[in-house]
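Data block below; observations after.
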Amino acid sequence: KQEVTQIPAALSVPEGENLVLNCSFTDSAIYNLQWFRQDPGKGLTSLLLIQSSQREQTSGRLNASLDKSSGRSTLYIAASQPGDSATYLCAVSVVSGGGADGLTFGKGTHLIIQP
Amino acid sequence: DAGITQSPRHKVTETGTPVTLRCHQTENHRYMYWYRQDPGHGLRLIHYSYGVKDTDKGEVSDGYSVSRSKTEDFLLTLESATSSQTSVYFCAISAQAYGYTFGSGTRLTVV
């Protein structure tokens, strides 16, 4: 059974710092890896999608990398801002002969950026 | 997200009553999913669909059923609601090149 772990569970840093969120998964036979952001009481917003043949994706101040062989992904946030405060979720979709059968999520990193 | 909507957004129901949550998409995606989100457990897959009338169970399917009679609609039914089904329910759609897109969620309280 695929398991996804996110470290740290919570992080509080002053504004302007660069930071790294970590995600590890137990089964390297993944289809995609996706990073989401969730604000309190809200839905999930997709940040970055890395397909299994890719090693990284970038969007603005965000960069995500994927190392399937080691079962790890990192989300790098540059020049953090108070508006980046949210819970960040990592999720993997497993290889399936019949098609996509869902995402397995980590429990998230709760990020607070202090003004 | 404009391509996927859930209804209702909030619902309070009594133990033992049936409840149906609706997910509607305008993206014509083949795959649709229902998840629940609970503190300490994160997001867990309840059921998913890979086409009209084609569905399968996820990790926490007991007490839930689903139906998909049209590509755009995926219904989740709690046949006899229990307090343990108090949760936030999310619908999602997926396409290979675009990953997963989630709805805004339904907050269900069973009293």
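As you go down the protein sequences, you meet chains A and B in turn.
The first sequence begins at 274 in the numbering used here and counts up by one.
The second sequence begins at 3 in the numbering used here and counts up by one.
Heads up, the beta-carbon is just placed ideally off N, CA and C, and yes, glycines get one too.
All values derive from a computational prediction rather than experimental measurement.
Following the continuous beta strand (DSSP E) through residue i, name the residue where it begins and the one where it ends.
i	result
B/Thr15	His12 to Thr15
B/Lys59	Asp56 to Lys59
B/Arg24	Val21 to Gln27
B/Val113	B/Val113 -> no beta strand (DSSP E), and no H or E assigned at all.
A/Asn295	Leu292 to Phe298
A/Gly379	It is not in any beta strand (DSSP E) - A/Gly379 carries neither H nor E in the DSSP assignment.
B/Tyr52	Gly44 to Gly53
A/Pro287	Ala283 to Pro287
A/Gly333	A/Gly333 -> no beta strand (DSSP E), and no H or E assigned at all.
A/Asn390	Here chain A has residues from 274 to 388 only, and residue 390 of chain A is not among them.
B/Gln39	Tyr33 to Asp40
B/Lys72	Tyr66 to Lys72
A/Ser346	Arg345 to Ile350
B/Gln79	Looking at the sequence itself, residue 79 of chain B is Thr, so the reference to Gln does not match. Note, B/Thr79: beta strand (DSSP E), Asp75 to Leu80.
A/Gln324	Leu317 to Gln324
B/Tyr91	Ser89 to Ala97
With residue i and residue j assumed to form a contact (beta carbons below 8 Å), what rounded beta-carbon distance in angstroms separates them?
i	j	result
A/Leu335	A/Leu322	About 12 Å separates the two Cβ atoms, so there is no contact after all.
B/Ser67	B/Thr79	5 Å
A/Gln275	A/Thr377	5 Å
A/Ser326	A/Gln307	The Cβ separation is near 15 Å, so there is no contact.
B/Gly32	B/Lys55	Reading the sequence as shown, one finds Arg at residue 32 of chain B and not Gly. Rounded, the Cβ-Cβ distance is 12 Å, inconsistent with contact.
A/Gln387	A/Ser301	Incorrect: roughly 36 Å between the Cβ atoms, too far for contact.
B/Cys93	B/Tyr52	Not really, about 15 Å apart at Cβ, beyond 8 Å.
A/Ser346	A/Ser338	6 Å
Taking residue i as the query, report the chain B residues whose CB atoms sit under 7 Å from its CB, ordered along the chain.
i	result
A/Gly316	Phe92, Phe104, Gly105, Ser106 and Gly107
A/Asn305	Gly101
A/Leu376	Tyr102
Less than 7 Å separating the beta-carbons of residue i and residue j?
i	j	result
B/Leu45	B/Gln39	yes
A/Gly379	A/Cys363	yes
B/Gly101	A/Asn305	yes
B/Val112	B/Ser82	no
B/Thr108	B/Ile95	no
B/Gly60	B/His43	no
A/Val395	A/Val277	Given that chain A is displayed from residue 274 to residue 388, the structure contains no residue 395 of chain A and the question cannot be resolved.
A/Thr360	A/Gln311	yes
A/Ser342	A/Ile385	no
B/His7	B/His26	One detail in the question is off: residue 7 of chain B reads as Thr in this sequence, not His. It is a contact, given that the beta carbons lie within the stated cut-off.
Just the chain A side, please: which residues come within less than 8 Å of residue i by C-beta, in chain order?
i	result
B/Tyr66	In chain order: nothing, as chain A lies at least about 14 Å away.
B/Gly18	Result: empty, since nearest Cβ-Cβ is about 28 Å, beyond 8 Å.
For residue i, go through chain A and note every residue whose CB falls closer than 7 Å to its CB, in chain order.
i	result
B/Leu23	Chain A residues near B/Leu23: none, gap ~14 Å exceeds 7 Å.
B/Gly5	Going along chain A, no residue has its Cβ under 7 Å from B/Gly5, so there is no contact; the nearest lies around 12 Å.
B/Leu77	Correct list: empty, because the minimum Cβ distance to chain A is about 18 Å.
B/Leu110	Under the 7 Å cutoff, chain A gives no residues; its nearest Cβ is about 14 Å from B/Leu110.
B/Leu47	Gly375
Could you name the residues of chain B that residue i contacts, counting a contact when the two beta carbons are closer than 8 Å?
i	result
A/Gly381	Gly44
A/Leu322	Tyr100 and Gly101
A/Ser326	Those within 8 Å of A/Ser326 in chain B number zero; the least Cβ separation is about 12 Å.
What does residue i touch in chain C if you count any residue whose Cβ is under 8 Å from its own?
i	result
A/Ser297	Absence of chain C from the displayed structure is noted, the protein chains being A and B.
Say whether the stretch 57-75 of chain B touches the stretch 4-18 of chain B, bearing in mind that this needs 3 or more beta-carbon pairs closer than 8 Å, one atom from each stretch.
Touching, no.
With three or more C-beta pairs closer than 8 Å as the rule, is the stretch 350-358 of chain A touching the stretch 295-306 of chain A?
Counting Cβ pairs under 8 Å, fewer than three are found: no touch.
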